[in-house]
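Those sequence lines, one after another, are chains A and B.
Numbering-wise (full-length UniProt numbering), the first sequence opens with residue 1 and increments by one.
Numbering-wise (full-length UniProt numbering), the second sequence opens with residue 1 and increments by one.
Every residue, glycine too, gets a C-beta built ideally from N, C-alpha and C.
Just so it is clear, the structure is predicted and the values come from calculations on it, not from any experiment.
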Amino acid sequence: MAPPKNAKPAPGGRAITAFFKASPNSSQTSQPSSALEPNKRGMLGASQSKASIAQASTSKMQDVIMVDDSDGEPPIQKATKPRKSALLSSSDDESPQKKVVATAASRSAAHELTKSKSKARASLPAKMEADSEDQVHPRVQKRKKPSALILSSEDEAARKLSPPKKKAAVSNGSSSKPKARASLPVKSRAVDDDDFEMVSTDEDTPIIPKTKSKASERKELFGDDSEPAQKTKVKPRASVQKTVKRKVEDDESKVIGKGKTETQGEKKPNWAAMKAAKARGPVAPGSKTVPDGEDNCLLGLSFVFTGEMSSFSRDEAIDIAKRFGGRVVGQPSSKTNYVVLGEDAGPSKLKAIEKHGLKTLNEDQFLNLIATRKGSGKALDEKTKKKMEKEQDAIKAAAKEMEKNEKKAMEEADFGAGSSKAVDPSTQLWTTRYAPKSMKDICGNKSAVEKLESWLKDWPQSYKASFKKPGKNGMNMYRAVLISGSPGIGKTTSAHLCAKLAGYTPIELNASDTRSKKLVENGMNINNKSLDSFITGSNSASGSVGSMITDRTCLIMDEVDGMSAGDRGGVGALNALIKKSKIPIICIANDRQAQKLKPLMSTTFSLPFSKPQASMIRSRILSIAYREKMKIPANVIDQLIAGAQSDIRQVLNILSTVKLQSDSLTFDEGKELSKMNEKYTIMSPFDLTSKILGPYLFSHTARETLGDKMELYFQDHSFVPLFIQENYLKTEPAKIRNEQGPEKELKRLMLMDQAASSISDGDLVDGMIHGPEQHWSLMPLHAVCSTIRPASFIYGTGAHYGGPNSMSFPQWLGQNSKQNKLSRQLSDVQVRMRLKVSGDKNEIRQSYIPALHPHVVRPLVEEGSSAVDEIIHRMDEYYLSKEDWDTIVELGVGDQKDELVLKKVSAATKTAFTRKYNSSEHPIPFHKATDLGKAPKKLAAEQAPDLEEAFDFDEIVEDASDDEKNDQDAEDIKHDRLIQTSKKKGATVKGKAKK
Amino acid sequence: MSLWVDQYRPRSLEDLHYHHELSTRLRSLASLASSGDFPHMLFYGPSGAGKKTRITCTLKKLFGPGVEKLKIDQRVFLSPSRRKLEVNIVQSNFHIEITPSEAGNYDRVVIQELLKEIAQTQQVDLNAKQRFKVVIINEADSLSRDAQAALRRTMEKFMSNMRIILCANSTSRLIAPIKSRCLLMRVAAPNAEDMQAVMQHVSKRVGFDLPPDVASKIIDDSGGNLRKAILCLEALKMQSPDLSGVLTIAKPDWETYCHKVADLIISEQSPARIMEVRQKFYELLSHCIPPATILKTVADRVVERVDDAIKADVMHWAAVYEVRMRIGSKKIYHLEAWVVKVMSLYKHFFYGMDLTEFD
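As structure tokens, then:
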């Protein structure tokens with residue numbers, strides 16, 4: 001169920017959905033708002049003349065809101081307070097610019113003020129809107145769910161305190177400083193206008209690139225505008241920091257107030273808490289738009305995010321910070337510039353904030369910061385500026401050097417042209433063209449590369465010392481090294497480079513060469529007995545690769561773990577080669593732990609390469625980009641590197657692809673690209689389950705679409721449903737977080753009921769998929785029924801590792817195979833009893849086994865070995881063997897559970913029983929077809945067979961017992977191989993068991 | 001010595017104790033058989049009613065005592081995916097008895113191959129009373145649709161060489177074409193008097209006096225299952241040889257266990273309890289108790305113990321989930337879903353009552 005395309009706004013649109021795949025939620029909301037667009041326009045017209053008219057039309061707005069929220073919020077609740085929400089949302093539409101400024105908490109209060117002082121205030125916005133009415137319209141259209149904003153819990157409380165009817169009287173704590181409040185929106189509005197203007201121009205002329213100077217646009221806008229606007233424009237620029245600071249203060253007071261209302265709520269939990277919980281639901285994702293701040297406006301700032309924000313998920317918020325050039329770190333430290341606080345912020349982070357005296361922002365302040373801060377490092381202090389300049393210079397220098405090197409190489413090639421034609425660098429792949437040429441070009445793993453180089457340099461000495469001197473790193477004890485690490489981090493490149501730098505000629509063998517035992521041995525002439533080269537080779541001593549093998553040769557065995565079935569014995573031969581090699585060998589593999597590489601563990605020095613950090617790769621990529629005359633900001637590069645998981649090769653490949661089309665790359669394009677080239681990380685079913693059942697996948701800020709969620713199922717479609725079923729009861733459902741007492745229990749049972757019935761549905765679907773019809777096209781439905789839907793009810797914390805309800809592996813698998821095993825054993829019993837008993841398998845289990853129990857099992861418990869004869873007699877009566885006796889015991893449940901019963905039977909009795917049984921003859925109803933003609937296996941005498949074995953070799957065991965008797969009367973068996981009757985048996989039985 | 005239930009099983013149509021009408025009918029059918037007029041038959045009825053006994057008696061009437069000389073053979077069939085299927089076949093010289101459900105999903109292969117093979121060979125024993133052989137198909141109601149379809153044409157085509165006797169608990173799962181090709185023989189569960197008579201007969205044969213009140217107690221407990229009743233009688237006799245005093249009829253292990261599960265459901269409704277119940281269900285299922293039986297037993301017990309108001313609901317959901325269980329493959333999912341449903345119902349009812357009483 002992909003979200004409809006129309007949910008995506010036009011290019012350049014700054015609605016939040018532009019950054020992220022529209023969630024189904026937002027796709028729903030976008031339609032009604034666009035449908036009602038004329039309505040709003042009309043309203044705007046009204047607001048031009050008089051604000052009060054706008055209020056009159058709130059009833060219309062009410063309708064809009066109710067449509068908008070119908071998915072999350074029961075309409076009844078809305079209906080009870082239409083006035084409030086209408087009021088607030090209409091304010092949003094009247095003056096959308098204010099929105100960014102007003103914090104969620106102060107919104108209602110601020111609005112009240114707006115109303116009361118409408119004369120003073122309305123003049124400005126009205127004017128501006130009159131000028132730019134055309135542009136207002138797209139903006140309004142894009143606004144998602146304005147009403148949702150006000151439904152956060154603080155608002156609820158705030159509104160309670162200040163009933164809507166009392167317009168002028170603001171009883172809130174903020175009433176003490178109405179002046180500051182009133183001035184605040186005005187100040188920042190100008191800045192905001194600027195962003196607003198950006199949007200509209202983008203809408204009108206979407207082709208215009210973003211780099212177009214904003215100053216001119218601003219001039220346009222403010223040129224049209226009258227004096228006051230100009231004034232305001234100047235002011236906020238100067239006092240941005242001040243504004244922010246005041247905001248922080250404001251907010252602190254807010255926080256206190258909020259705490260107060262919350263404690264009030266707790267005393268009376270029933271209404272306030274429930275309302276708050278209900279309000280929490282629709283706190284809409286995408287309700288706030290990201291302001292169109294200047295590029296790199298957060299440059300040089302570092303952020304820490306904590307807690308959950310009302311309209312962005314954590315990932316999105318981090319993304320936003322990054323896209324404007326900010327740095328996001330995990331833990332607050334003294335160097336952190338801002339901490340963005342959300343709801344339920346982590347206590348440790350709060351402590352750190354206090355300790356370091358850090359500045360905190362809430363969501364709106366954060367957005368405000370983006371909107372107001374100057375871009376491109378203008379707001380930076382000298383130090384960072386210099387640092388950045390230095391970096392720039394370094395990049396330029398590196399790029400120059402690259403160019404120089406390339407030219408030099410060309411010249412050299414030209415000079416020595418003859419055999420090999422010079423390759424034009426522009427035709428080369430970027431990965432070869434920009435492959436590192438010197439040690440300092442290698443990104444990351446510096447120490448590993450240095451080790452490798454020194455080892456190679458020392459190799460001849462080590463060889464002379466016959467690898468007895470360990471050397472600095474202990475590496476000189478080894479003739480070979482094994483480099484391991486994930487793809488694309490420069491293992492092969494480093495190996496080649498090191499070999500060259502150490503004066504070796506690298507010979508590379510990789511997965512494209514056959515490397516079977518024979519070829520490795522012959523090609524490398526390990527045993528020194530091959531005369532191959534003397535006979536065939538034109539060169540005196542060439543290896544299989546065709547180049548001379550001298551003492552200055554270095555063998556690079558690339559992709560050792562790729563030695564597959566075709567390379568039989570390859571690893572072994574390689575190991576043999578390593579043991580007596582006279583040249584250094586570098587083996588390269590992705591996974592050092594692979595079973596295949598076990599032999600190499602002891603003979604090679606392990607040199608793990610780790611993924612380089614983004615900062616290590618960044619400068620290199622930047623200089624390459626510079627060299628290629630591409631304009632790519634650093635944060636985009638970071639994005640790409642993160643997306644490729646530090647795979648340098650992939651980043652280069654992506655860039656070279658981009659280069660074919662354009663010379664620049666924006667953040668969003670970069671994000672899309674890296675998403676496209678995303679490496680799928682394989683998650684274990686455990687990880688998948690904790691993700692699916694965890695509190696985040698279905699929380700209101702989650703941005704995963706249904707498709708994304710289903711993707712989790714498809715990662716392992718056979719296991720995930722089993723895991724979900726096993727663990728779905730272990731969560732603490734987030735949906736009932738705010739309930740208490742019996743209410744909570746009832747709700748919880750209801751949720752579990754829904755989940756369980758959905759799982760039951762899933763099984764029905766599964767039946768259709770795996771049944772005779774094989775409707776594989778139902779897989780998505782199965783994903784939803786078996787996994788997504790149950791999880792959507794009971795998601796929450798709790799079902800993770802280590803907790804009291806830690807996740808467990810599905811029992812179903814084990815229980816099912818146990819059931820199959822016992823059922824097979826039971827049918828063996830049934831078949832044997834069939835000659836006497838008419839019942840089917842179920843009858844045997846349900847009636848006969850309980851009835852036989854007192855006859856064949858209990859006497860052993862009660863009477864011990866004296867009962868053995870009687871029991872064996874009874875068993876012979878029903879053609880039961882000793883193994884069937886075991887089955888009967890095993891099939892017991894409850895009091896007759898096998899463990900309980902067997903515990904009561906003494907070991908001596910058991911042995912006596914087994915011995916007695918094996919030493920006497922027993923009637924056999926039939927032989928298994930599969931066992932006929934097989935040589936019977938002898939079991940160790942007197943040893944009670946393991947149940948598992950007894951099952952597998954059921955009949956063979958019997959044969960063995962036959963065989964023991966074969967010595968005594970072999971003739972008898974020859975006569976009647978199929979059925980052997982015991983001498984004890986009566987005439988009737990004999991007659992029946994006739995062949 | 002065998003259990004009484006097997007030892008004193010009637011061996012001829014004349015010995016049968018109840019459903020005399022049915023016996024007469026079978027007798028006349030068997031006597032007509034020599035003229036080739038013996039139909040395919042479908043015996044159906046609850047377990048422990050005497051279907052198999054009647055089939056055996058009919059066979060004996062048809063072929064004489066030779067049919068009692070049974071042997072068991074194991075045949076190996078190859079499934080289309082070359083998997084080996086082992087099927088046990090019980091046969092005499094005159095008839096063959098198969099349980100195709102042993103082959104699971106591949107019962108069609110067994111039906112096709114085995115029936116054709118039998119149908120294509122004629123009776124070689126010149127002394128045989130009838131020219132046809134009889135194939136008994138056990139658990140016919142668990143035959144897959146494919147297997148039933150495979151039966152259809154075979155039943156008509158090879159009428160001269162073979163008769164088929166189907167044995168099933170209920171006809172609901174059999175397709176109509178099969179039913180229409182068979183003579184339907186309903187073997188109903190015996191009523192209390194019939195059972196009383198049989199049990200008195202057994203006790204006389206064993207050689208003791210059975211007090212009628214003990215017998216009726218056993219009959220009450222067995223629910224029309226004569227096999228169960230006689231097994232019960234023997235167990236009781238073993239427990240207290242003189243059948244006096246307060247007799248408690250020992251329930252089979254699985255039934256006690258099911259009741260335990262029901263008590264767990266009633267006593268607490270919480271996720272932890274559900275998991276406990278799940279564990280118990282797994283235990284029962286893995287020990288070869290059919291899920292439908294589990295659900296029925298547990299539901300019966302739950303219904304006994306809950307308030308009248310939700311009895312109907314409990315049973316309704318049990319029925320719903322039983323159907324789902326039959327369609328689906330992982331039985332435990334449906335059992336658990338039912339448990340959660342019942343717990344939810346119970347809890348809601350519990351608190352609902354609280355509110356109405358105290359508010």
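- Taking the C-beta atoms as reference points, G894 (chain A) is found nearer than 9 Å to K260 (chain B).
- In the structure shown, C182 (chain B) falls within a coil segment according to DSSP collapsed to helix, strand and coil.
- Contact of P925 (chain A) with chain B by beta-carbon distance below 7 Å involves I72.
- When DSSP assignments are scanned along the segment 575-633 of chain A, the uninterrupted stretches of alpha helix (DSSP H) that are 4 or more residues long and fall wholly within it turn out to be 598-603, 614-627.
- Residue environment for M710 (chain A): buried (at least 16 other C-beta atoms within 10 angstroms of its C-beta).
- Excluding its 5 nearest sequence neighbours in each direction, I353 (chain A) has C-beta neighbours in its own chain below 7 Å: P332, V339, T360, listed in chain order.
- With respect to P608 (chain A), G762 (chain A) sits apart: the two C-beta atoms are not nearer than 9 Å.
- Collapsing the DSSP output to three states places A168 (chain B) in a strand.
- Taking the beta carbon of D895 (chain A) as reference, the chain B residues within 9 Å of it are D253, T256, Y257, listed in sequence order.
- From the beta-carbon of Q148 (chain B), no residue of chain A is found nearer than 8 Å; the closest lies around 13 Å away.
- In the structure shown, H95 (chain B) falls within a strand segment according to DSSP collapsed to helix, strand and coil.
- By the rule that beta-carbons nearer than 9 Å mark a contact, Y795 (chain A) does not touch chain B.
- Between V109 (chain B) and the set B:I310, B:A149, B:S92, B:F350, the nearest pair of CA atoms involves B:A149.
- Neighbours of S827 (chain A) across chain B, judged by C-beta separation under 8 Å: N88, E102.
- For Q725 (chain A), the chain B residues whose Cβ falls inside 9 Å of its Cβ are K330, I332, Y333, E336, in order along the chain.
- Within the segment 237-284 of chain B, the complete alpha helix (DSSP H) segments at least 4 residues long are 253-267, listed from N- to C-terminus.
- Secondary structure of P291 (chain B) (DSSP, three-state): helix.
- Neighbours of K836 (chain A) across chain B, judged by C-beta separation under 8 Å: S2, D6.
- Here DSSP, grouped into helix, strand and coil, assigns M710 (chain A) to helix.
- Straight across, the Cα-Cα distance linking K341 (chain B) with I218 (chain B) is about 34 Å.
- Secondary structure of R327 (chain A) (DSSP, three-state): strand.
- Contacts with chain A (Cβ-Cβ distance below 7 Å) from the segment 237-250 of chain B involve M238, listed in chain order.
- Shown here, C57 (chain B) sits in a helix according to DSSP, grouped into three states.
- Its chain contains L210, A215, I218, I219, A229, I230, L233 as the residues whose beta carbon lies nearer than 8 Å to that of M199 (chain B), once the 5 sequence neighbours on both sides are disregarded; these appear in chain order.
- Between L822 (chain A) and C258 (chain B), the C-beta gap is not smaller than 9 Å, which leaves the two residues out of contact.
- Neighbours of H287 (chain B) in chain A, taken as residues whose beta carbon is under 7 Å from its own, are L822, L891, V893 in chain order.
- In the structure shown, D313 (chain B) adopts helical secondary structure according to DSSP, grouped into three states.
- If you draw a straight line from the Cα of S2 (chain B) to the Cα of R832 (chain A), it comes to about 14 Å.
- Chain order gives the chain B residues near P854 (chain A) as A235, M238, where near means a beta carbon separation below 7 Å.
- 9 Å or more divides the Cβ of K129 (chain B) from the Cβ of M162 (chain B).
- For P212 (chain B), the enclosing alpha helix (DSSP H) covers residues 212-222.
- Using a Cβ-Cβ cut-off of 9 Å, P487 (chain A) does not count as an interface residue toward chain B, since no Cβ of chain B sits closer than that to its own.
- Of the other Cβ atoms in all chains shown, fewer than 16 fall within 10 Å of the Cβ of A309 (chain B); this residue is therefore exposed.
- Boundaries of the alpha helix (DSSP H) harbouring M750 (chain A): 741-770, taken from the DSSP string.
- Residue environment analysis places S662 (chain A) among the exposed positions, since fewer than 16 neighbouring C-beta atoms fall within 10 angstroms of its C-beta.
- For a Cβ distance threshold of 8 Å, residue set P742, L746 of chain A lies close to Y351 (chain B), ordered along the chain.
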